[in-house]
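The block underneath contains the structure these notes are about, expressed in structure tokens.
There are 2 protein chains.
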Amino acid sequence: MLIAEIRVTLKEGVLDPQGTTLRRSLETLGFAGVGEVRVGKSIQVSFAHGDRARARAEAEAMCAKVLANPVIEQYHVDLREA
Amino acid sequence: MLIAEIRVTLKEGVLDPQGTTLRRSLETLGFAGVGEVRVGKSIQVSFAHGDRARARAEAEAMCAKVLANPVIEQYHVDLREA
Numbered sequence: 001m002l003i004a005e006i007r008v009t010l011k012e013g014v015l016d017p018q019g020t021t022l023r024r025s026l027e028t029l030g031f032a033g034v035g036e037v038r039v040g041k042s043i044q045v046s047f048a049h050g051d052r053a054r055a056r057a058e059a060e061a062m063c064a065k066v067l068a069n070p071v072i073e074q075y076h077v078d079l080r081e082a
Numbered sequence: 101m102l103i104a105e106i107r108v109t110l111k112e113g114v115l116d117p118q119g120t121t122l123r124r125s126l127e128t129l130g131f132a133g134v135g136e137v138r139v140g141k142s143i144q145v146s147f148a149h150g151d152r153a154r155a156r157a158e159a160e161a162m163c164a165k166v167l168a169n170p171v172i173e174q175y176h177v178d179l180r181e182a
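This is the structure we're talking about:
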């Protein structure tokens, strides 16, 4: 069985208020030396078939149509065997 | 500069209503052959220093203390150069 590990993150230059808040919290908790923090989504999709090329094409189509907002977000797909 | 790519996901066996809803949406949109869908968080933390061992220890501590709920979530840290 194939699993697509999809990471959806904000594009460079897009403000990330959630990340900024998280960075401040980490500093308050004593984590020094933290630079930028960016928050995104991690989505795992498992496929019933074992066709890698088809799974990659489907995962990319899901990202473009549903999982990511292409105006402000970018995505990355990694395929692995379950 | 070092960047920790942190993935926080629900543990096996923990119900993921967001993932279930997403799977139904994907089916409705015509993506056949989709098995389980699981949704988690992807967090990028950049460090001002270049000490890999220290960055990994700090990232793991952040996960244990702030980023993940250890009762229902697991985390994975990957380090990379910026």
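Listed in order, the protein sequences are those of chains A and B.
With this note's numbering as the guide, the letters of the first sequence map in order to residues 1 to 82.
With this note's numbering as the guide, the letters of the second sequence map in order to residues 101 to 182.
Positions of the beta carbon are idealized from the N, C-alpha and C atoms, including for glycine.
C-alpha of aspartate 16 of chain A to C-alpha of leucine 67 of chain A: approximately 18 Å in a straight line. One finds Leu129 in chain B with Cβ atoms closer than 8 Å to the Cβ of lysine 65 of chain A, taken in chain order.
Not a single CB atom of chain B sits nearer than 7 Å to the CB of alanine 82 of chain A.
Excluding its 5 nearest sequence neighbours in each direction, valine 134 of chain B has C-beta neighbours in its own chain below 8 Å: Arg123, Leu126, Glu127, listed in chain order. Under the Cβ distance rule, lysine 111 of chain B does not count among the residues neighbouring chain A, no pair being separated by less than 7 Å. The beta carbon of glutamate 173 of chain B lies closer than 7 Å to those of Val108, Thr109, Leu110, Lys111 in the same chain, with the five residues before and after it left out. DSSP places lysine 11 of chain A in the coil class of the three-state scheme, outside both helix and strand. When secondary structure is reduced to three states using DSSP, alanine 132 of chain B falls in the coil class, being assigned neither helix nor strand.
Contact residues of the region 43 to 54 of chain A toward chain B are Ile43, Gln44, Val45, Ser46, Phe47, Ala48, His49 (C-beta to C-beta distance below 7 Å). In terms of Cβ geometry, isoleucine 143 of chain B and valine 77 of chain A do not form a close pair [threshold 7 Å]. Counting only residues of its own chain and dropping the five nearest sequence neighbours on each side, glycine 19 of chain A has a CB closer than 6 Å to the CB of Val37, Arg38, Val39. In the three-state reduction of the DSSP assignment, valine 137 of chain B falls in the strand class.
Across the set B:Glu105, B:Leu102, B:Ile103, B:Leu129, the C-alpha of B:Leu129 shows the shortest separation from the C-alpha of alanine 61 of chain A. Between the alpha carbons of aspartate 151 of chain B and alanine 55 of chain A lies a distance of about 37 Å.
About 17 Å separates the CB atoms of isoleucine 6 of chain A and alanine 53 of chain A; that is not less than 8 Å, and the two are not in contact. Any Cβ of chain A closer than 7 Å to the Cβ of arginine 156 of chain B would place that residue at the interface, and such an atom is absent.
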